[in-house]
Amino acid sequence: METSSPSLIGRWLDWLTTNLGRILISLIVPVVTFFVLWQGFIFLRESQAPKIVIVLVAIVWGVGGAALLYAVSNWLIEQLPQGVRPRLLPFVFVGPALAILAWYLAIPTFRTLIFSLQDANSMRFVGLENYIFAFTDRVMREAFRNNLLWMVFGTSFCVGLGLLIAVLADRSRFESAYKAIIFMPMAISFVGAGVIWKFVYTYKGEGAGISEIGLLNAIVLALGGQSQPWLQQPPWNNFFLIVIMIWLQTGFAMVVISSAIKGIPTDLLEAARVDGANEVQIFFRITIPYIQGTLLTVTTTIVIFSLKLFDIVRVMTGGNNGTNVIANEFYLQRFTYGHAGRASAIAVILLIAVIPIMIYNLRQFRERKAFR
Amino acid sequence: MKKNRILWIIASFMIVISFVLSACGGAATQAPPSETEPPPPVEQPTQAPVEQPTEPPAEEPSEPPAETEVPAAVPENLPPAGQELVDAYMGKFKGTVVTMAGPFTDADAVKFENSILAFEEATGIDIQYSGSKEFEASIRIQIEGGNAPDIVDFPQPGLLATFVSQGRAIDLSTVINPDWLKQNYIQSWLDMATMEGPNGPIMAGVWARANGKSSVWYPKKAFDEAGYQIPETWDELMALTQQIAEDGDTPWCIGIESGAATGWPMTDWIEDVMLRTTSLENYDRWVKGELKFDSPEVRRAVELVTAIWFNDSYVYGGRKAIPTTFFGDAPKPMFEDPPKCWLHRQGNFITTFFPEGLEPGVDYDFFYLPPIDEQYGRPVLGAGDIYAMFNDRPEVRAVIQYFSTGDSLKDWVKAGGAISPHNDSDLNWYQDPVTRKVAEMIKNATAFRFDGSDLMPGAVGAGSFWKSMTDFVSGSIDLDTALKQIDESWPR
């Protein structure tokens, strides 16, 4: 710089030369980071390497990549002037979550909404035709009815039994043993449970030289009854399927409720007993009101569960013989019949059906100040 | 500041690792294509098909089937299916992987794997086959998700047709020498493989396996000892049924449980009876959706079927057991001593599910499902597997070219359970007289029609037809509801 008078340009150049390094670094570092992550992605997508290598790379790439992204963006913000920093910093923390939410939840929901107004191949708009189908088709109406059965009976039995067992076990000497046994089926996947119960309900038919191998039919025969094709007689077969969910989910309800019961202060109970309340009164006047919030949470969780129920029906009956449910019909329409429009309409209906329960659930949370 | 330094260390570590990885990754993914750089145009008519006359397969003196034990040696009389197939035998694609998906599971999958073993050893191409009982649904997810296997085996041409109309399958007339195809398949197979794509008709696949379905299996030894006669007409069949029932046994073994595909054996029965009670034109119209399910023709066929199915003294286990019996287990009671049921109508692939150690022609045999109305002749219902190609790589071309040769099915034919649709296959491959009889039955048919449900659109052929018939058999819905439901589900 030959000029000695500090002109405007000169000062600007000065600033540039002293800060050039920083600016370059701020540009290069994100680019390099992005490049590194992209290379990792390409490797994972196209590699023919042994599985174990891919798994290791995926772990390092996933965890390390997230840390790296955070570190780089944090560092970038710190390069900025003091005034801007606090305003941008929150986005570093919230931004990725928001972006992922938008990408994986908001956009697909919106697209599903559009598909639901289009024809089988999502080529042209057909108005509300798919929704009309969803509410008038015989199979769909049957699916709605069955979901209602699942919701009412599945949920009430899960929560009711869970509550009963939790209260009774609370006074038992072998509490943990009981609870462990009831809780055990939770560890079994729905598909696995379906396979197990398929053997329970097996039916071989009647005639010369036929012996039943199903547990339930064996019991019925031992009691002198007639063997039955349990999964073929609507609407009763729905209840035989609901039993499976009760078997699986009661443990969940029981554990959550049980921990809530343990949270009731003993002095409260003792005070009630001193005042002369009997056990039934204590149960209805103290225990239930005290764990009301937990009960609601458990109930809504299981209701949502039964609304989106799919695995058991798919594995056990495939939706045949009047056991179809909404989620299975959705799957059939989309992947077996290839009708994207109807499938999307069913998905939207399912979503709308779940929303009120979700809102209620969230409001409960807010009242209990779970969120601030 | 200390924290920062740790972060920096992690970051630089990540960079180093990823550079190393990307170096490896790049090498691994780029190597195979460069090796096989020049994809020679297949159209070049390699040696014109002189050696083999285009006669039906039977009469041909079989070529000594290419022995492929010696690696990196092109078999002498390699069929002129395409250049890549030659390259493959020269070892150019050693170490490459071709993925395949299809519905073969259990015993079928083993036979398939065995039948391609020699090819894999000779060429070094690894054909990775994955079979699924949920094939109809899973393949759609894979293909529409842009993740199609290289080669897909469709037992339902109707399902393939939907992918072809979306422009997803590769036109095989650009992959396999068309002269060779004309030489190695009779025209009706080629016609059935030609499907309408977005830019006009394409050769959507090659037929790799066929089977005849109009066969009724019976335990021959016990059958003969009991003095039963093979029925030549439908009336005789019903009389035989009644006679067995009166002898205190159950005549028929029937089972339609098949996971997500439950119900398909019922549709086969109806199609077989349709062919015998109405004209071929009506059958074709029905398959196209022009003849409704709710029509006198279809009703008559269903009624004839249910006359057997819904008679509890005719069916092993009774009507209610039909939907809960796995189709592969259904024939097994035939081979107990004494047989618990005597007749089983099913395609020839069912022999795969028979208990081991049975001798074909001695322990079991089959007869042609007798005609009902003489004016419709002796039609045969059949089916097959069509292989379509979804990714265009040289090694995939080699494999699909290989599947267009009878050699690809030789071991399966020998093992039993498959009929070759290829002209260059040899009747001597059929090890047992029974399978040869099936091949002859197909040849002697007055008419051959493909399994209708496999030709119908997926929503019907792999959907409502199966489901409604299952519900009908189990008694959940009546026939009127079932037929209306199928008609309504037909995509318009």
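As you go down the protein sequences, you meet chains S and E in turn.
Adding 27 to a residue's 1-based position in the first sequence gives its number in the working numbering.
Adding 1473 to a residue's 1-based position in the second sequence gives its number in the working numbering.
All residues carry an ideal CB built from backbone N, CA and C; glycine is no exception.
(request) Assuming E/D1626 contacts E/D1858 (C-beta within less than 8 Å), just tell me the rounded distance between them. (result) Here E/D1626 really is in contact with E/D1858; their C-beta atoms are around 5 Å apart, less than 8 Å.
(message) Beta-carbon within less than 6 Å of E/G1820's beta-carbon, same chain only, minus the 5 sequence neighbours each way: which residues are those?
(response) Only N1684 and K1686 meet the Cβ criterion.
(request) For E/Q1958, return the contacting residues in chain S, with the cut-off set at a CB-CB distance below 8 Å. (result) Those within 8 Å of E/Q1958 in chain S are R165 and V166.
(request) Could you give the DSSP three-state label for E/V1835: helix, strand or coil? (result) Coil.
(request) Report yes or no: is there a C-beta of chain S within less than 8 Å of the C-beta of E/E1669? (result) So, not an interface residue.
(message) Quick check on DSSP: helix, strand or coil for E/D1452?
(response) Because chain E is modelled from 1474 through 1965, residue 1452 of chain E falls outside the range shown and cannot be assessed.
(message) If contact is defined by three or more beta carbon pairs under 8 Å, each pair taking one atom from either stretch, is the stretch 1907-1922 of chain E in contact with the stretch 1573-1593 of chain E?
(response) Taking 8 Å as the limit for Cβ pairs, the verdict is that the stretch 1907-1922 of chain E does not touch the stretch 1573-1593 of chain E.
(request) Whole angstroms is fine: what's the gap from S/F332's alpha carbon to S/L175's? (result) In this structure, the alpha-carbon of S/F332 lies about 12 Å from that of S/L175.
(message) Using a Cβ-Cβ cutoff of 9 Å, what residues of the stretch 1774-1797 of chain E are near chain S? List them in chain order.
(response) Taking 9 Å as the cut-off between beta carbons, the residues of the stretch 1774-1797 of chain E near chain S are D1785, S1786, V1788, Y1789, G1790, G1791, R1792, K1793, A1794, I1795, P1796 and T1797, in sequence order.
(request) Can you grab the Cα-Cα spacing for the pair E/F1783 / S/M178, in whole Å? (result) Approximately 35 Å between the Cα atoms of the pair.
(request) Tell me whether E/I1729 is buried or exposed, calling it buried when 16 or more other Cβ atoms sit within 10 Å of its Cβ. (result) Looking at its Cβ environment, which holds 16 or more other Cβ atoms inside 10 Å, E/I1729 is buried.
(request) Specify, as a first and last residue, the run of the beta strand (DSSP E) that E/F1921 falls within. (result) That run of the beta strand (DSSP E) goes A1920 to F1923.
(message) Going by DSSP in three states, E/E1536 sits in which element: helix, strand or coil?
(response) Reliability fails at E/E1536, whose pLDDT of 42 lies under 50, so the model's placement of it is uncertain and no value is given.
(request) State yes or no: is the beta carbon of E/A1888 nearer than 8 Å to at least one beta carbon in chain S? (result) Not a single CB atom of chain S sits nearer than 8 Å to the CB of E/A1888.
(message) Checking the sheet assignment: what are the DSSP bridge partners for E/P1674?
(response) DSSP output for E/P1674 lists E/E1669 as bridge partner(s).
(request) Closer than 8 Å, Cβ to Cβ, to anything on chain E: give me those residues from the stretch 262-276 of chain S, in chain order. (result) Answer set for the stretch 262-276 of chain S: empty.
(message) Using 8 Å as the cut-off, can you tell me whether the stretch 1940-1951 of chain E makes contact with the stretch 1786-1799 of chain E, which would need three or more C-beta pairs spanning the two stretches below that distance?
(response) The answer is yes - the stretch 1786-1799 of chain E touches the stretch 1940-1951 of chain E, with three or more Cβ pairs under 8 Å.
(message) Taking CB distances under 8 Å as the criterion, tell me whether S/G154 reaches chain E.
(response) Taking Cβ atoms only, chain E never reaches closer than 8 Å to S/G154, which makes this a no.
(message) Counting only C-beta atoms, is E/P1552 closer than 8 Å to chain S at any point?
(response) Interface criterion not met: the Cβ of E/P1552 is under 8 Å from no Cβ in chain S.
(message) Between E/A1712 and chain S, is the shortest Cβ-Cβ distance under 8 Å, so that the two count as touching?
(response) At a cut-off of 8 Å, the C-beta of E/A1712 has no neighbouring C-beta in chain S.
(message) Distance cutoff 8 Å, beta carbons only. Does E/R1613 sit that close to anything in chain S?
(response) Cβ-Cβ to chain S under 8 Å: yes for E/R1613.
(request) Count the other CB atoms, across all protein chains shown, that sit within 10 Å of the CB of E/S1898; report buried if there are 16 or more and exposed otherwise. (result) It is buried - the Cβ of E/S1898 has at least 16 other Cβ atoms within 10 Å.
(request) Express the C-alpha separation of S/I134 and E/C1726 in angstroms, rounding to a whole number. (result) One alpha carbon belongs to E/C1726, the other to S/I134, and they sit about 52 Å apart.
(request) Could you confirm whether any beta carbon from chain E is found closer than 8 Å to the beta carbon of S/Y364? (result) So yes, S/Y364 belongs to the interface.
(request) May I have a chain-ordered list of the alpha helix (DSSP H) segments no shorter than 4 residues that lie completely inside the stretch 220-270 of chain S? (result) Counting only runs of 4 or more, we get 242-249.
(message) Assuming E/S1688 is part of the beta strand (DSSP E), what are its boundary residues?
(response) For E/S1688, the enclosing beta strand (DSSP E) begins and ends at S1688 to Y1691.
(request) Look up S/L107 in the DSSP assignment and say whether it is helix, strand or coil. (result) Reduced to three states, the DSSP call for S/L107 is coil.
(message) Let's test the definition: count the other Cβ atoms within 10 Å of the Cβ of S/S100 and tell me whether it reaches 16, buried, or not, exposed.
(response) The residue is buried, with at least 16 neighbouring Cβ atoms inside 10 Å.
(request) Please compile the residues from chain E whose C-beta is within a distance smaller than 8 Å of the C-beta of S/N348. (result) Chain E residues near S/N348: P1796, T1943, D1944, S1947 and S1949.
(message) By the three-class DSSP mapping on this structure, what secondary structure does E/N1684 have?
(response) Strand at E/N1684.
(message) Taking its Cβ as the centre, do 16 or more other Cβ atoms sit within 10 Å of E/W1815, making it buried, or is it exposed?
(response) Answer is buried; the Cβ neighbour count reaches 16.
(request) For S/A98, count neighbouring C-beta atoms within 10 Å of its own C-beta (all shown protein chains included) and say buried if the count is 16 or more, exposed if not. (result) By the C-beta density criterion, S/A98 is buried, having at least 16 other C-beta atoms within 10 angstroms.
(request) Can you say whether S/D41 is buried or exposed, counting buried as having 16 or more other CB atoms within 10 angstroms of its CB? (result) Classification for S/D41: exposed.
(request) Could you tell me whether any Cβ in chain S is nearer than 8 Å to the Cβ of E/T1908? (result) False, the Cβ-Cβ gap to chain S never drops below 8 Å.
(message) I'd like to know if S/L359 contacts chain E, where contact means its C-beta is closer than 8 Å to some C-beta of that chain.
(response) It does: the Cβ of S/L359 has a partner Cβ on chain E nearer than 8 Å.
(request) Could you tell me how far apart the beta carbons of E/T1919 and E/G1850 are, in whole angstroms, since I believe they sit closer than 8 Å? (result) That belief holds up - the Cβ atoms of E/T1919 and E/G1850 are roughly 3 Å apart, short of 8 Å.
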